[in-house]
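In the numbering used here, the protein residues as written are 9 to 196.
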């Protein structure tokens, strides 16, 4: 009779305490932002006290120069901030990866022009360039999201292009090209 040895099961490492705290706080902020109309102590624009009231039981973060509750304003403001960050990041990754993959597969003059244009954008400090563009263009939410997304897509472009150039010379990509697959099929 043989004794069977149970298969080696790799123990799951616990989440580091710093990561757990960060995840909890991020989740708390997201919860407060999403459910701000339900959990905010006061309405968004409501004048609920005197001006510049200090922190108290009624106003945990005090009031502003018009007498509005600062905690409620921060909860409602987080909604806009998180929305802008999420949409700009999505735009950045979508635009940067599509252009990076396309430049790597197409190559030639398109790759050269895109790479030089991205180098030019990256040579200018992002914050200063963004402020200059926003001072010239109309100031609204769409413009802000577009400027942030385009300026941040330069890093994603370089990373995706570098990865795609390495993958583009692999045998299965060469086989797809020899089969007559189009560039869109190869890129995606």
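Even glycine gets a Cβ: it sits at the ideal position worked out from N, Cα and C. Model, not experiment: these values are computed from the prediction.
- [ ] Would you mind listing the alpha helix (DSSP H) stretches within the region 21 to 63 that are 4+ residues and don't spill past its ends, in chain order?
- [x] 25 to 42 and 44 to 47
What are the boundary residues of the alpha helix (DSSP H) that residue 152 is part of? 149 to 176
Of all the options 106, 43 and 105, which has the alpha carbon lying nearest to the alpha carbon of residue 85? 43
Query - Cα-Cα separation between residue 111 and residue 101, rounded to whole angstroms - result: 15 Å
What's the C-alpha gap between residue 149 and residue 179?
45 Å
Sequence ranges, alpha helix (DSSP H) only - wholly within the region 62 to 129, length at least 4: Correct list: 78 to 114.
Next on the checklist: Between the alpha carbons of residue 165 and residue 60, how many angstroms are there, rounded?
Outcome noted: Roughly 47 Å between the two C-alpha positions.
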